[in-house]
Amino acid sequence: MRLIVKFGLLVACVMVSCTTKTSKTEQEEVKQEITFDLEEIQQRGKLKVITDYNSTNYFIYKGRPMGYQLELLEELCNNLNIKLEVIVSNDVDENIADLQSGRIDLIAQNLTVTRERSKIIQFTEPHTFSRQVLVQRKHENKKDKRDKERFNELIRNQLDLAGKTIYVQKGSSYVTRLRHLSDEIGDSINVVEIPDYEAEQLIDLVAEGEIEFTICDENLAKVNLNYYDNIDIETAISFPQKIAWGLRKTSPDLLHVINNWLVRFRKTTKYRLIYKKYFENRRSTHIVDAGFNSLKGGLVSKFDEIIKKESETIDWDWRLVAALIYQESRFLPEVKSWAGAQGLMQLMPETAQTFGVSDVTSPEQNIRGGIKFIKWLDSRLTLRIDDPEERLKFILASYNVGLGHVLDAMRLAEKNGKNPKIWEDNVDYYLLNKSQPVYFNDPVVQFGYCRGAEPYAYVIEILDRYEHYKNLMD
Numbered sequence: 000m001r002l003i004v005k006f007g008l009l010v011a012c013v014m015v016s017c018t019t020k021t022s023k024t025e026q027e028e029v030k031q032e033i034t035f036d037l038e039e040i041q042q043r044g045k046l047k048v049i050t051d052y053n054s055t056n057y058f059i060y061k062g063r064p065m066g067y068q069l070e071l072l073e074e075l076c077n078n079l080n081i082k083l084e085v086i087v088s089n090d091v092d093e094n095i096a097d098l099q100s101g102r103i104d105l106i107a108q109n110l111t112v113t114r115e116r117s118k119i120i121q122f123t124e125p126h127t128f129s130r131q132v133l134v135q136r137k138h139e140n141k142k143d144k145r146d147k148e149r150f151n152e153l154i155r156n157q158l159d160l161a162g163k164t165i166y167v168q169k170g171s172s173y174v175t176r177l178r179h180l181s182d183e184i185g186d187s188i189n190v191v192e193i194p195d196y197e198a199e200q201l202i203d204l205v206a207e208g209e210i211e212f213t214i215c216d217e218n219l220a221k222v223n224l225n226y227y228d229n230i231d232i233e234t235a236i237s238f239p240q241k242i243a244w245g246l247r248k249t250s251p252d253l254l255h256v257i258n259n260w261l262v263r264f265r266k267t268t269k270y271r272l273i274y275k276k277y278f279e280n281r282r283s284t285h286i287v288d289a290g291f292n293s294l295k296g297g298l299v300s301k302f303d304e305i306i307k308k309e310s311e312t313i314d315w316d317w318r319l320v321a322a323l324i325y326q327e328s329r330f331l332p333e334v335k336s337w338a339g340a341q342g343l344m345q346l347m348p349e350t351a352q353t354f355g356v357s358d359v360t361s362p363e364q365n366i367r368g369g370i371k372f373i374k375w376l377d378s379r380l381t382l383r384i385d386d387p388e389e390r391l392k393f394i395l396a397s398y399n400v401g402l403g404h405v406l407d408a409m410r411l412a413e414k415n416g417k418n419p420k421i422w423e424d425n426v427d428y429y430l431l432n433k434s435q436p437v438y439f440n441d442p443v444v445q446f447g448y449c450r451g452a453e454p455y456a457y458v459i460e461i462l463d464r465y466e467h468y469k470n471l472m473d
């Protein structure tokens, strides 16, 4: 058993009887509560959200960030016309603490609406409804006496949970429900709260036979039936419950806006398609079962090792290079653009020749050539831009549209009283608008017309994808 030993000391410390443990408030009220609301968030231009990673809420598949919560959040932020910043954590208690401290604005997890939690945070309108179910392992060999003794018959009556040990995510609503259930059946249920494991990870332990029971929301449990044919989820332990997002009590305006949007959006075809995609469509199960998934295989692509090796030569995070490669080619080594660029990093023929690439369809050669090109761009921009974080944005734009157009945008920025060494709201504006005659005909411009919308979006999308990769990939 690969993890049960690891649990040994933990079990001894945290296993308690539901009839003897006194229920505590999940999080104490902070003395000086953060009070900023929608107006401050809009001025910031960014909604800071925390969510959890699993096969439905948030993950990476073949280099693309995906998930039910992620898609809802993207729709919300598009509606609010602000950026989305995602932080990842599966610790519910810590997430509530981060919410109250002002580190985040919204907890976008499958939070069950409970009276205890409502004392601490306020809930949005529900985005889904689900009941809690017992996850247990089916018999594998009824002739095996030890197997029959261990698992006996599948539990169908909640009274039969008396004396049983159930592993659940620390701080989850499952803990509260089991305590209430213990009172209802008039007997003890041993609860083990696991701080570092999310519901799906515990389901995996049930399927592997390392633990006997866990609790999960039914919609997520049904998804996992597609991955584990030896689990049973037919025993409900609760009535249908509201599943919602959580906000600070001092954010009434944000709550009002989100609620209005949620009520409208849940009636749309788009919402139904998103929900079906992650919870009902069996054809989507290959997404999680495939190797190029942040949960199962832990890979962005089959070229990860090459990317890691070559990234070291320029001291770049390999996940940043992977985000660039996804943008260029979607990890397809033989793709060719209308302009003649080829391979994973979409090298133009003259660029490939300059940096020693004889076979542009060779993943290793193409990536090595692209890295050399990045190094060359960095050397040209180092004398102009000292800050490496700022210089990175100029390099990405130059990789897409050419160094000449970026230098033109820098000259335009300086001429118009902006900072030529700062990208956002300075140089990026002039690159974006370099398709307008007033700018590409300016005397300081040397490289003429540029369709600036593409490199402008290119930088934003790569850096955004990079943040997702940092959240979910080591």
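Residue 122 in numbering that gives the first Met the number 0 is what sits at position 123 of the sequence shown, and the numbering runs on without skipping anything. Glycine included, each C-beta is placed from N, C-alpha and C at the ideal position. Just so you know, these numbers come straight off a predicted model, no measurement behind them.
Taking the C-alpha atoms as reference points, what is the distance between residue i and residue j?
i	j	result
VAL474	GLU73	Lying outside 0 to 473, the shown extent of the chain, residue 474 is not represented and no answer is given.
TYR465	ASP473	12 Å
ASN223	ILE202	8 Å
GLU197	ASP90	8 Å
GLU183	THR164	17 Å
PHE122	ARG114	11 Å
LEU471	LYS61	13 Å
PHE302	SER328	12 Å
ILE86	LYS275	25 Å
HIS126	LEU71	9 Å
THR234	PHE212	11 Å
SER361	TRP337	20 Å
LEU219	THR55	8 Å
ILE106	LEU261	15 Å
ILE232	SER129	13 Å
GLU27	SER100	Unreliable placement is indicated for GLU27, whose pLDDT of 44 sits below 50; no coordinate value is reported for it.
ASP216	GLU309	43 Å
ARG271	ASP385	49 Å
THR34	LEU246	12 Å
ALA322	LEU402	20 Å
ILE313	GLU333	25 Å
ARG450	GLN345	18 Å
GLY368	THR350	8 Å
LEU83	ASN258	18 Å
LEU376	PHE393	9 Å
ARG410	THR381	16 Å
HIS285	GLU38	With a pLDDT of only 48 at HIS285, under 50, the local geometry of the prediction cannot be trusted, and the value read off the model is given with reservation. Looking at the two C-alpha atoms, the distance is approximately 42 Å.
LEU180	ASN94	26 Å
TYR52	LEU110	14 Å
Report the partner residues of residue i according to the DSSP bridge assignment.
i	result
GLY245	ILE106, PHE122
ASN53	TYR57
GLN240	SER129
What residue range does the beta strand (DSSP E) around residue i cover?
i	result
LEU382	It is not in any beta strand (DSSP E) - LEU382 carries neither H nor E in the DSSP assignment.
THR50	45-50
THR164	164-168
ILE59	58-60
VAL132	131-136
ARG63	63-65
Let's see if you can read the secondary structure: which residues bound the alpha helix (DSSP H) around residue i?
i	result
GLU84	Per DSSP, GLU84 belongs to no alpha helix (DSSP H); it is in the beta strand (DSSP E), 82-87.
MET409	402-414
ASP252	251-264
LYS308	303-310
ASN470	452-471
SER172	172-184
ASP427	427-431
LYS269	268-278
PRO436	436-439
What distance in whole Å lies between the Cβ atoms of residue j and residue i, which are believed to be in contact at a cut-off of 8 Å?
i	j	result
GLN131	TYR173	6 Å
LYS420	GLU389	6 Å
ALA412	PRO454	In fact, because the Cβ distance is near 15 Å, the residues do not count as touching under 8 Å.
PHE278	LYS221	7 Å
GLY66	TYR57	4 Å
ASN365	GLY339	So it is not a contact: roughly 14 Å between Cβ atoms.
ASP36	THR249	7 Å
ILE306	TRP317	5 Å
VAL190	VAL205	Contact doesn't hold; Cβ gap of about 15 Å is too wide.
ILE59	TYR468	7 Å
Can you check the region 98-127 for any beta strand (DSSP E) of at least 3 residues that lies completely inside it and give the ranges in chain order? You should have 105-111.
At what residue ranges does the region 312-378 contain a whole run of the alpha helix (DSSP H), taking only runs of 4 or more? 317-328, 348-353
In the region 193-234, which residue ranges form an unbroken alpha helix (DSSP H) of at least 4 residues, counting only runs that do not cross its ends? Those alpha helix (DSSP H) runs which fall completely within the region 193-234 and span 4+ residues are 198-207, 217-224.
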